[in-house]
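S.K.: Note that numbering that gives the first Met the number 0 has the sequence shown beginning at 0, numbered continuously upward.
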Amino acid sequence: MNVAEENTWASAAHWSALLATVVGLGFLGPLLIMLIKGPESPRVRAAAVESLNFEITYIISMLASVLLMFIFIGFITIFILPIIWLVLRIIASVAASKGEDYRYPVNIRLVK
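1. By alpha-carbon positions, which one of Ser50, Gly23, Ile72, Ile58 ends up nearest to Pro104?
2. Comparing C-alpha positions only, which one of Ile32, Leu18, Arg102, Leu27 sits nearest to Glu4?
3. Apart from the five residues just before and just after Gly98, which ones in its own chain have a Cβ nearer than 6 Å to its Cβ?
4. Should Leu30 be labelled buried (16 or more other beta-carbon atoms within 10 Å of its own) or exposed?
5. Using 8 Å for Cβ pairs, my map puts Arg88 next to Asn52. What's the rounded Cβ distance?
6. Whole angstroms is fine: what's the gap from Ala63's alpha carbon to Trp84's?
Structural data, given as structure tokens:
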């Protein structure tokens with residue numbers, strides 16, 4: 000895989016979650032890229048793993064927000080988290096398309 004393809008697939012690992020979130024399966028895009036293109040390129044696999052871990056972190060955060068609605072903090076975080084999620088996804092996609100490795104600032108790294 001050449002560098003341009005790596006950049007494209009690494010970027011796709013981040014923005015695929017945006018597309019998949021429309022149907023509630025944001026983790027599916029990064030997971031598929033990790034499984035299909037990851038073996039061909041360590042860089043693409045690293046981007047997909049980072050993206051997948053961020054998606055898992057986001058899902059956990061949203062579930063926590065729902066639980067925190069009982070003490071009203073969740074009503075604030077349930078609106079703030081998607082905005083932060085979107086901004087970080089865009090930053091990661093742009094960085095990956097330029098050939099840079101991007102690490103999300105808040106990420107529970109469950110998938111290695």
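For glycine and all other residues, C-beta sits at the position ideal for the given N, C-alpha and C.
M.R.: In short:
1. Ser50
2. Ile32
3. Asn6
4. buried
5. Arg88 to Asn52, Cβ: 13 Å. No contact.
6. Cα to Cα, Ala63 sits roughly 15 Å from Trp84.
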